[in-house]
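Going line by line, the protein sequences match chains A and B. With my numbering applied, the first sequence has no gaps in its numbers, which climb one by one up to 167 at the end. With my numbering applied, the second sequence has no gaps in its numbers, which climb one by one up to 1167 at the end. Backbone N, C-alpha and C define an ideal beta-carbon position, used for all residues, glycine too. Structure first, then comments.
There are 2 protein chains.
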Amino acid sequence: MTDIAKAAGISRQALYLHFPTRAELLIATTRHIDSVKDVDARLADSRAANTGRDRLASFIVAWGGYIPEIHGLSVALRNMRDGDAEAAAAWDDRMQAVRQGCVSAVAALAADKILRPDLNEKVASDLLWTLVSVENWERLVRDCGWSQAEYESHIRWLAEAALMAKD
Amino acid sequence: MTDIAKAAGISRQALYLHFPTRAELLIATTRHIDSVKDVDARLADSRAANTGRDRLASFIVAWGGYIPEIHGLSVALRNMRDGDAEAAAAWDDRMQAVRQGCVSAVAALAADKILRPDLNEKVASDLLWTLVSVENWERLVRDCGWSQAEYESHIRWLAEAALMAKD
DNA sequence: TGTCAACTTTACACCGTGTCAAGTAAACTG
DNA sequence: CAGTTTACTTGACACGGTGTAAAGTTGACA
């Protein structure tokens, strides 16, 4: 909080006038980034795709491209999980929104009859949700040194291999 | 530290006589669990498998079955990543050991000529390492409500779909 | 001119980690 | 047996970070 106040050019106490707790500051920041970076518009594109396969691909690109924007925040919010129920709830809420995108993409695959027959939609959604997690992005991009483009193309490819019936 | 001391029936200060910092206590605990649960023996089994496919499967079962044992510790150690370089290094070290298992399993697939031809060994190892991360276990078992058996079988199946050439 | 809003400075409470010092009690040793 | 060592005790305190509280300053607006 001290560092943020300093960077903002106000006193630490003035910061508390705007944001009562550190958790609420972080949550407000995510809301702000969401509106500035227009996450809704990005995800709307993926909903507009015609085929299930395109929908899956554009969902992964839309969300995968958004991860770097919120990554620092994601780390901060996740580190508060233990100890601040409000922060945990805020983060979970955002992740549930991503999950909804996964469910929709999987439903589109199922509608096109290209979902692997040995997967039900729940399991497929869980797997996709896991594949596109921020943690996996961190591991591949930060720890393994992948570029963003490599991340997007390999995850897309992996999701297709995992979820789509063999042609 | 207070809680741990209380649970151990000694004073907080006595705890500091044994473990100079919280990070070192956590690190010592991982070492202790490793020896009690005999992680080496578990992974040795996976190295003994004959075919690449068996090796991959037994590696996933060995490591995947170990995750629940160290999960709580993993959370504590990961939460210290920012702020304690020693704890971060200790955790990274353990994850590098897992990565080594991934590299070996991928090499076994390559030796059997059943590694997907469009994947090089580095990329395949990175993907496998990501799939078997503790974070993915948390998501599937804790957040999605999967049983341990479901986790193991689906991750094994996913790893095979991701890494092995179509037959 | 007065009031309100945004901000300032200063001070303090609370928690958790880690340090320090002095004391005690039991075990080991010559 | 006396003396030392070892493992612990109690109690105090420093430090950093979050959050609270109170009184004072400044500028805008009515």
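query	result
Check whether A/Arg139 and B/Trp1129 have beta carbons under 9 angstroms apart	yes
Beta carbon of A/Gly101 nearer than 9 angstroms to that of A/Leu43	yes
7 angstroms Cβ cut-off: residues of chain B touching A/Ala161	Ala1161 and Ala1162
B/Leu1119 in three-state terms, based on DSSP	coil
Nonlocal neighbours in the same chain, by C-beta distance under 6 angstroms from A/Ala14, ignoring five residues either side	none
Identity of the residues DSSP links to B/Met1164 by a beta bridge	B/Leu1115
Inter-residue spacing [alpha-carbon to alpha-carbon] between B/Arg1142 and B/Thr1029	23 angstroms
Beta carbon proximity, B/Glu1152 to chain A, threshold 9 angstroms	no
From A/Asn79, A/Ala57, A/Asn50 and A/Asn120, residue whose alpha carbon lies closest to that of A/Leu158	A/Ala57
Between the CA atoms of A/Arg53 and B/Leu1127 - distance to the nearest angstrom	21 angstroms
9 angstroms Cβ cut-off: residues of chain B touching A/Cys102	The premise fails here: A/Cys102 is roughly 11 angstroms from chain B at the closest Cβ pair, so nothing lies under 9 angstroms.
Contacts of B/Lys1166 in chain A (Cβ-Cβ under 7 angstroms)	Lys166
Sub-9 angstroms separation of A/Trp63 and A/Val132 beta-carbons	yes
Any C-beta of chain B under 9 angstroms from that of A/Ser133	yes
Sequence-distant residues of its chain with Cβ nearer than 8 angstroms to A/Ser11 (five each side left out)	Ala5
Within-9 angstroms CB hit, B/Asp1126 to chain A	yes
Among B/Ala1048, B/Leu1077, B/Tyr1016 and B/Ser1035, nearest to B/Glu1135 - alpha-carbon criterion	B/Leu1077
Beta-carbon neighbours of A/Leu158, restricted to chain B and to distances below 7 angstroms	Leu1127 and Ala1162
Straight-line gap, B/Gln1096 to A/Gly9 (C-alpha atoms, nearest Å)	42 angstroms
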